[in-house]
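To keep things clear, I will list the structure first and then write my remarks on it.
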Amino acid sequence: MNCRHCKHSLQHVFLDLGFAPPSNAYLSKEQLTKPEHYYPLKLYVCEQCWLVQTEDKTQADELFSSDYAYFSSVSQSWLDHAANYAKMITKRLDLNSDSYVIEVAANDGYLLKNFIAANIPCLGIEPTASTAAVAENLGIPILREFFGQTVAQRLVQEGKQADLILGNNVYAHVPDINDFTQSLKTALKPSGTITLEFPHLMRLLEQTQFDTVYHEHFSYLSLYSVIQIFEHADLHVFDVEELPTHGGSLRVYGCHANDNKETTCTLSEVLKKEVESGMRRLETYQEFQFRADRMKDDLLLFLIEQKRKGMRVAGYGAAAKGCTLLNYAGIKPDLLSCVYDAAPSKQGKFLPGSHIPVFPPSTLIESKPDFVLILPWNIQTEIMQQLSYIHEWGGRFVVAVPAITIL
Ligand SMILES: [Zn+2]
């Protein structure tokens, strides 16, 4: 197997989580009696370009099926993040009614609706039918396709190159990162700007966020590796911001290599941090499995202990990261009776692999669990505010990442 980006032979396993079903393949009651597809979930690190990547075994069309259930608009903090970004970038790039904005993986229109409101022409690219339909209802033009060279070249022919192309939490999810990056270049005006947000591998390493590993998440990115990938596509990274979203993300700013946008000093500062945290040393990656296993063991110990004491533990947030954690730990409904989630598309279904049922949060008040395990720890503050009523019956919150903690 060779590196997705630089084609160097991949020798070093970074993390092996065994086999798991696709994390967004929620099951209906009828599907529980049928066989489930499991795929290896193993990450490698490339010692040439330091891209961390999954084994390339799963097909994108199975992972992003038409009933893919992730709707961005469900999280209020994510909506606020999108609105703040739109405001900031409109000002920074001086966008107006003559500009053109393209968002790759526009989801349910959670972000582009801000540009529509500001009268800035835009286009969303979103292959998932259920979310695309919601975006279209908001008046956002959507291309229901996967972004790649075919789409990018058609946009050029139609005179629709962008002043701004943005992609939030899509870059790590594309199977062919070189083709995707090249396509960004094709669809970009000569003076245009690209911004991409993705979880920062440095945070995953520091905080043992191994539950952010799932099949749909093909690449685990550092600033260093993204600079390599952009340069290979004749693009240039000229700025970067560190964001608190998704447990610590980067927002990189790119332009054509021959564009003379000024490179900021933040770029060298973040690169320096990456070196200092050991991101270009093999040992940093080789000790990670041990840390992930210890965290998994600690969660199991906690759940078994509560079960023996007769305490009831429920989960909150049926997100992909919860599925990875529960499946790797082999947790089933005897240890975690159910998971509550605000997304109607997930309610009444069962988590892939563990078959833990998903219930609407309204039923939490009736069942009064002793502990609520927050699975999407990245939005734990928001969840704790929403569910603060559990304190009325002495309920308490728990997170498993970066260490099992009763809050
Ligand atoms: Zn490589």
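Going by our numbering, the first residue of the sequence shown is number 175, and it counts up by one from there.
Every residue gets a Cβ at the ideal spot worked out from N, C-alpha and C, and that includes glycine.
The beta carbons of Q460 and L225 sit no closer together than 9 Å.
When secondary structure is reduced to three states using DSSP, S442 falls in the helix class. Rounded to the nearest whole angstrom, the CA to CA distance from C512 to A326 is 43 Å. Counting along the chain, C497 sits inside the alpha helix (DSSP H) bounded by residues A494 to A503.
Going by C-alpha positions, W551 is about 6 Å away from V573. Between E371 and L417 the beta-carbon gap is near 7 Å, inside 8 Å, which marks them as a contact. Counting C-beta atoms within 10 angstroms of its own C-beta, G491 has 16 or more neighbours from the protein chains shown and is therefore classed as buried. At least 9 Å separates the beta-carbon of C497 from that of S304.
For the pair H391 and Y213, the Cα-to-Cα distance works out to about 13 Å. H182 has its Cβ nearer than 8 Å to a heavy atom of ligand 1.
According to the DSSP assignment, L473 belongs to the alpha helix (DSSP H) that extends over F462 to K483. E277 counts as buried, since no fewer than 16 other beta carbons sit within 10 angstroms of its beta carbon. Between the region 549 to 563 and the region 439 to 456 there are fewer than three inter-stretch CB-CB distances shorter than 8 Å, so the stretches are not counted as touching. For the options D353, A346 and S396, the alpha carbon positioned closest to that of Y388 is the one of A346. Across the structure, T440 and E415 are spaced so that their CA atoms are roughly 7 Å apart.
Taken in chain order, the complete alpha helix (DSSP H) segments of 4 residues or longer contained in the region 336 to 420 are 351 to 360, 375 to 380 and 397 to 406. Take the alpha-carbon of A517 and the one of P534: they are about 8 Å apart.
About 18 Å separates the CB atoms of Y427 and T360; that is not less than 8 Å, and the two are not in contact.
Distance between I530 and Q323, taken at the CA atoms: about 40 Å. Taking a contact to require three or more Cβ pairs closer than 8 Å, the region 470 to 486 and the region 393 to 412 do not qualify as touching.
For H430, the enclosing beta strand (DSSP E) covers residues S423 to H430.
L285 has its alpha-carbon roughly 18 Å from the corresponding atom of F321. In the DSSP annotation of this structure, the continuous segment of the alpha helix (DSSP H) that includes K261 starts and ends at Q250 to R266. Here the alpha carbon of K363 sits roughly 9 Å from the alpha carbon of V330. In the assembly as shown, P209 is an exposed residue. Its beta-carbon has fewer than 16 other beta-carbons within 10 Å. At a cut-off of 4 residues, the continuous stretches assigned as alpha helix (DSSP H) that sit fully inside the region 501 to 543 are 538 to 541. Distance from the CA of G484 to the CA of V275, rounded to the nearest whole angstrom, comes to 55 Å. Residue environment analysis places N288 among the buried positions, since at least 16 neighbouring C-beta atoms fall within 10 angstroms of its C-beta. Classified as buried, N501 has 16 or more neighbouring CB atoms from the shown chains inside 10 Å of its CB. Per the coordinates, the alpha-carbon of E229 lies some 13 Å from the alpha-carbon of H179. Relative to the non-hydrogen atoms of ligand 1, the Cβ of L225 comes within a distance shorter than 8 Å of at least one. Here Y274 carries a coil assignment [DSSP, helix/strand/coil]. A distance of 9 Å or more separates the beta carbons of A336 and I314. Residue nearest to A493 within the set T537, Q521 and D467 is Q521 (criterion: CA-CA distance). Counted as a single uninterrupted DSSP element, the stretch harbouring Q205 is not any alpha helix (DSSP H), since DSSP gives it neither H nor E.
In this structure, ligand 1 has no non-hydrogen atom nearer than 8 Å to the beta-carbon of Q185.
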